[in-house]
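Residue numbers (my numbering): 7 to 972.
A virtual CB, placed ideally from N, CA and C, is assigned to each residue, including glycine.
Contents: one structure, followed by commentary.
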Amino acid sequence: MLRVNSEKPCKIVYSICKHDYLGFLIEPHVVQLNSDEGFSLTYQRLFCTTAQEFSSILDEEDFKLIKLLEEIEQGHIIKRFYKKAIRPVEYFRTIFDDKTYEVIRPKIEKKIIEALRLIGDKDLYLMSKEGWPVERKLSIASEPSSVLFHFRRNITETRYFPTIKFQGQRIEFMFKEAQIICNQPAWLLLEDVLYYFEEDVEGKKLQPFLNKRFISIPQSSEKTYFEKFVAPLIEKHAVYAEGFEIRTEKFEAIPVLKLLHSDSEGSQLQLYFKYGNYIFPSGSDRKVTVRMEKQGNDYIFHRIKRSLSWEKDKINTLRGLGLSSEGTIFSHVYKPSQQELDSEDSPFSVINWLNEHHDELESLGFSFEQTEGSKQYVIGRSKIDLEIRENNDWFDIHAVVYFGPYQIPFIDLKNHILNKIREFKLPSGEIAIIPEQWFAQYSNLLQFSEGNKELKLKKHHIGIVNDFSNSELATVTMDRKLQRLADFEEIEDMEIPKEFSGILRPYQKAGYNWFHFLRKYNFGGCLADDMGLGKTVQTLALLQKIKEENHESGLHTTSLLIMPTSLVYNWLNEAKKFAPKLKIHAHTGTFRNKEIEKFSNYDVIITTYGISRVDIELLKTFFYEYIILDESQNIKNPASKSFKAVKTLKSQYKLILSGTPVENTVNDLWTQMSFINPGLLGSQSLFYSEFVIPIEKKKDEEKANKLQALIKPFVLRRTKTQVATELPPKTENLFYCQMSEEQKEYYEEIKSEYRNELLLNLEDGAFKKSQIQVLQGLTKLRQIANHPLMINEDYEGDSGKFENVIHTLENVLSRGHKVLVFSQFVKHLDIYRKYFDAENTPYAYLDGSTTQRGDVVKEFQTNSEIKLFLISIKAGGVGLNLTEADYVFILDPWWNPAVEQQAIDRTHRIGQTKNVFIYKFITKDSVEEKILALQNRKRKVAESLITTEESFVKSLSAKDIEDILS
């Protein structure tokens with residue numbers, strides 16, 4: 007075969023040929039033209055690699071066709087389906103078989119159909135048996151043809167044949183050497199025309215009739231034939247029948263969701279469509295379904311037309327509501343999609359979804375079914391109608407639960423909700439699934455409510471009620487004033503007591519009002535203001551007001567204040583200052599009076615946690631107006647003797663004060679809250695499992711919010727930053743510390759030695775010469791008042807001041823504040839350094855020996871990890887700018903108040919944006935307290951003259967020294 011010369015006239019043609027094994031194919035050829043423009047015998051098959059040479063006679067469609075038809079060329083097909091190198095002859099002789107043909111042929115036909123669409127009006131020919139590509143010109147029919155299948159049934163047989171119509175005219179195709187070029191869909195080559203069909207007729211259905219007039223089915227096998235062949239044919243094609251009936255039927259369809267439940271695998275939904283009595287699974291694409299019915303000897307074919315677009319609309323509705331389908335051969339099964347699923351809820355997610363969307367689906371025409379014989383679930387909307395009404399001492403809870411059409415009392419669900427049991431058996435025997443969210447929404451309410459028939463909630467569970475009134479879950483009726491409990495700013499304003507000496511800042515006044523509000527409703531409360539914001543002052547104002555109200559009504563009541571030993575003196579001092587008319591008795595000390603009836607002579611009894619444990623049998627026989635616990639975190643351990651003791655005390659009202667009600671764990675709250683409002687947080691084990699574990703171990707925010715709602719009405723907390731505008735630039739606080747037993751003993755021993763020696767000198771007039779000795783003695787006593795370790799390394803006891811400072815420091819540091827700690831003794835700071843090193847607490851340090859002062863200061867100012875700065879007064883009194891700190895701890899009082907002021911000014915200077923709190927720690931019944939009193943007496947002298955310790959000692963008279971050492 008000669009090659010075509012592209013320089014001379016030539017033409018591209020598409021040629022239908024029959025491959026011995028692969029069936030009909032189409033090949034692109036270029037054919038050389040004769041001088042008369044006719045086809046010569048010179049031609050060649052075009053491939054992508056050779057087409058470029060003939061680009062002058064090819065257009066874009068031709069290049070596409072060449073590439074497409076190359077994919078069905080035998081070499082290409084062999085390579086695709088057989089990986090080893092082999093000659094085509096060899097492949098077709100040894101490897102190729104009918105099974106391979108069944109796989110390959112549909113793929114070839116797909117390409118042929120695509121090629122015929124692209125060829126359109128281009129030159130199409132039939133190839134000769136010898137391979138000449140232009141044997142006969144072919145044309146493609148200008149429009150599709152239709153096929154009608156005929157059935158003629160009589161007593162003995164049924165005859166079956168098709169007829170074809172093109173442009174409304176019947177065309178004869180039997181015995182005309184017609185050929186099926188393509189099977190699916192059918193393309194028929196008849197008298198040089200390629201016909202295609204309206205419905206996707208299969209070529210196999212026409213093939214038998216190319217050389218046969220009809221097919222005959224004997225009566226003996228007609229039933230099977232009608233079921234297997236005729237019914238599917240009627241579904242897809244136009245059929246004309248004689249001897250049996252074809253009825254086309256139309257119905258208003260109903261979408262049905264069927265619940266398929268399995269305990270092991272959870273549930274699924276099956277969607278199908280009901281047309282009359284006919285049921286069709288969703289997801290099938292057949293527009294017409296045929297069901298055969300035999301009545302006696304007659305056959306009726308019911309031809310049910312389906313609306314696929316309507317069905318699709320219903321499927322899209324379900325998808326829009328969060329269902330996704332899992333297609334199976336028989337039907338479409340649906341489940342809620344991943345984002346709709348709650349992992350804990352998966353066994354019931356389908357039923358939950360169904361109930362949630364039931365009303366909407368019903369309004370859209372859906373109906374519902376379940377598998378018979380298994381558990382029957384209630385399908386329908388679940389809801390709770392909840393009404394909470396305030397009574398005298400209770401809230402009454404009226405609640406009804408609706409599961410679909412059923413109604414049951416809410417109390418019947420109590421056990422299920424508290425134990426997270428999802429399935430609830432109704433009297434009808436059906437099972438209702440409790441929605442997952444109900445466990446979170448109603449468990450608090452049911453946990454804390456009482457009653458077997460009617461549910462009640464104690465008044466102090468207002469937090470739970472408030473939670474409901476802020477949601478859409480319930481209608482709540484209660485006193486408007488009571489509703490304000492959650493939002494204390496709106497509480498009624500109370501008059502300040504007449505005999506109260508001092509002015510309450512606005513936030514303190516709000517706290518004072520809040521105390522009265524709690525009193526009105528008989529609730530206990532926790533004042534949890536930040537340290538230094540005046541919890542003591544607010545409480546003293548309340549106690550003074552009670553005294554005045556009692557006086558007006560001719561009554562007398564006594565309140566009990568329990569606190570750590572170290573705070574007793576502070577309270578007495580503050581009371582003297584702010585409520586001097588309060589009659590206060592300190593029930594403390596080894597020689598305290600145990601005559602309980604004498605308590606009635608006082609307005610307030612002050613005692614310590616330690617003594618309340620020891621004297622509990624005595625203390626619990628008295629009925630108090632208020633029991634107030636200061637630093638109430640002291641009772642945080644439910645197993646402690648302190649908690650057990652205070653729980654047995656009786657009073658009309660209870661208050662607790664604590665800057666840190668939660669020191670280490672949420673569990674700390676339980677004892678304190680159950681002291682002020684018993685039952686508020688349920689039993690300890692319930693609180694632990696319901697709140698502590700979820701909040702601390704699982705970081706459950708919802709539980710934390712629930713707990714917050716429960717306690718919020720009874721806890722008032724203001725931080726420094728919240729009330730900053732109401733605070734003066736600096737606030738000074740004196741902390742009086744009790745010496746520990748060992749410390750006291752040691753102090754008295756040293757004091758006696760010096761006292762005896764000095765008093766002798768005073769008597770014989772050698773006093774002036776012994777000023778150095780006086781200074782040494784006073785210094786030694788001051789050191790013991792701080793910590794005996796400062797003068798005796800072998801001392802093994804503890805120090806009241808050290809315990810107090812550490813406790814207060816931890817309190818302040820835990821809330822992220824920066825603190826300067828000043829002492830004039832480097833030895834004293836060393837004791838703290840050792841402690842913080844052991845605790846791995848980072849700190850900055852500065853004394854006279856520190857060289858890189860600037861670096862140390864910069865590190866403290868800029869490093870957020872370092873919250874603590876230990877400074878000796880001599881090194882740090884001047885020249886430092888430490889505005890990052892907002893707390894100053896002064897560990898020992900100084901002879902010269904001006905030096906103290908300089909230390910405070912390290913923080914309180916330009917650039918300080920925070921309010922500064924100054925805490926001075928004074929050891930009670932020690933030389934420190936005496937020096938403080940002397941300082942106040944000699945304030946004038948101190949301010950003008952005293953600059954050093956020596957000069958202070960010089961200013962002391964013999965009587966002063968006697969006083970100090972008394």
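By Cβ distance below 6 angstroms, which residues in the same chain neighbour residue i in space, the five residues on each side in sequence not counted?
{"i": "P191", "result": "D206"}
{"i": "A247", "result": "F157"}
{"i": "I114", "result": "I78"}
{"i": "F831", "result": "none"}
Along the chain, where does the beta strand (DSSP E) that runs through residue i open and close?
{"i": "T164", "result": "E163 to F172"}
{"i": "Q658", "result": "K656 to L663"}
{"i": "S373", "result": "S373 to Q376"}
{"i": "K73", "result": "First-last for K73: E66 to E76, but that is the alpha helix (DSSP H), not the beta strand (DSSP E)."}
{"i": "K626", "result": "First-last for K626: undefined, no H or E at that position."}
{"i": "E299", "result": "V294 to Q301"}
{"i": "D402", "result": "W400 to F409"}
I need the boundaries of the alpha helix (DSSP H) containing residue i, first residue and last residue.
{"i": "F523", "result": "P512 to K526"}
{"i": "I701", "result": "I699 to E702"}
{"i": "G81", "result": "Q80 to F87"}
{"i": "Y448", "result": "E442 to F454"}
{"i": "N739", "result": "Looking at the DSSP string, N739 is not in any alpha helix (DSSP H); the run it does join, the beta strand (DSSP E), is K736 to C743."}
{"i": "S680", "result": "D674 to I682"}
{"i": "V780", "result": "Q777 to N792"}
{"i": "R176", "result": "Taken as a continuous stretch (DSSP letters only), R176 belongs to no alpha helix (DSSP H), being part of the beta strand (DSSP E) at Q175 to I177."}
{"i": "V811", "result": "G806 to L819"}
Is the distance from the Cβ of residue i to the Cβ of residue j below 9 angstroms?
{"i": "L733", "j": "N921", "result": "yes"}
{"i": "A534", "j": "F506", "result": "no"}
{"i": "I998", "j": "L31", "result": "Here the chain covers residues 7 to 972 and nothing more, so residue 998 does not appear."}
{"i": "G854", "j": "S878", "result": "yes"}
{"i": "G616", "j": "F454", "result": "no"}
{"i": "S388", "j": "I440", "result": "yes"}
{"i": "R51", "j": "E33", "result": "yes"}
{"i": "E558", "j": "P503", "result": "no"}
{"i": "S12", "j": "S46", "result": "no"}
{"i": "T542", "j": "V574", "result": "no"}
{"i": "K807", "j": "I924", "result": "no"}
{"i": "Y284", "j": "T295", "result": "yes"}
{"i": "G805", "j": "H793", "result": "It is Ser, not Gly, that sits at residue 805 in the sequence shown. Taking 9 angstroms as the Cβ cut-off, S805 and H793 qualify as a contacting pair."}
For residue i, which residues in the same chain have their Cβ closer than 8 angstroms to its Cβ, ignoring the five residues on either side in sequence?
{"i": "D348", "result": "Any reading at D348 needs caution, since the residue's pLDDT is 49, under 50, leaving its predicted position unreliable; the model's value is listed next. Hits under 8 angstroms: S355 and E442."}
{"i": "R176", "result": "T169 and I170"}
{"i": "R839", "result": "Y849, Y851 and L876"}
Compare the Cα-Cα distances from residue i to each of the options and report the closest residue.
{"i": "K264", "options": "K604, T614, I357 and K703", "result": "I357"}
{"i": "V339", "options": "S315, S288 and K293", "result": "S288"}
{"i": "T323", "options": "Y284, D129 and S369", "result": "S369"}
{"i": "S313", "options": "P586, E141 and I260", "result": "I260"}
{"i": "K984", "options": "H793, K218, T666 and I110", "result": "This structure leaves residue 984 out entirely; the chain is present only between 7 and 972."}
{"i": "K300", "options": "H363, T230 and G282", "result": "T230"}
{"i": "K464", "options": "F430, F529 and F474", "result": "F529"}
{"i": "E763", "options": "G783, N556 and I118", "result": "G783"}
{"i": "E197", "options": "K786, G137 and Y131", "result": "Y131"}
{"i": "A405", "options": "Y412, P411 and I394", "result": "I394"}
{"i": "F649", "options": "K256, I568 and S268", "result": "I568"}
Go through its chain and collect everything with a Cβ distance to residue i's Cβ below 7 angstroms, but skip five positions before and after it.
{"i": "I335", "result": "Because the pLDDT at I335 is just 41, under 50, the model does not fix this residue reliably, and the value given afterwards should be weighed accordingly. If we look at I335 and ignore the five residues flanking it on each side, it has no Cβ neighbours."}
{"i": "V811", "result": "F895, L897 and F927"}
{"i": "S950", "result": "Here the model assigns S950 a pLDDT of 48, short of 50, so the residue's position is not dependable, and the following value carries that caveat. Contacts found: none."}
{"i": "C54", "result": "I72, K73 and E76"}
{"i": "Y64", "result": "For the sequence presented, residue 64 should be read as Leu rather than Tyr. For L64, where only same-chain residues beyond five positions count, the Cβ hits under 7 angstroms are I18 and A57."}
Is residue i near the ligand HEM, judged by its Cβ being under 8 angstroms from some heavy atom?
{"i": "Q907", "result": "As for the ligand HEM, it is missing from this structure, which has no ligand bound."}
Quiz item: Are the segment 169 to 177 and the segment 88 to 98 touching, with three or more C-beta to C-beta distances below 8 angstroms?
Solution: no
Quiz item: Are three or more beta carbon pairs between the segment 246 to 260 and the segment 294 to 305 nearer than 8 angstroms?
Solution: yes
Quiz item: Touching or not, the segment 556 to 574 and the segment 723 to 738, by the rule of three or more beta carbon pairs under 8 angstroms?
Solution: no
Exercise. Report yes or no: do the segment 718 to 728 and the segment 749 to 763 share at least 3 C-beta pairs separated by less than 8 angstroms?
Key: Under the three-pair Cβ rule at 8 angstroms, the segment 718 to 728 does not count as touching the segment 749 to 763.
Practice problem: Evaluate the contact criterion for the segment 670 to 682 versus the segment 692 to 710: three or more CB pairs, one atom per stretch, below 8 angstroms. | Solution: yes
Practice problem: Would you check if there are 3 or more beta carbon pairs closer than 8 angstroms linking the segment 143 to 162 to the segment 195 to 211? | Solution: Between the segment 143 to 162 and the segment 195 to 211, the count of Cβ pairs shorter than 8 angstroms is three or higher; the stretches touch.
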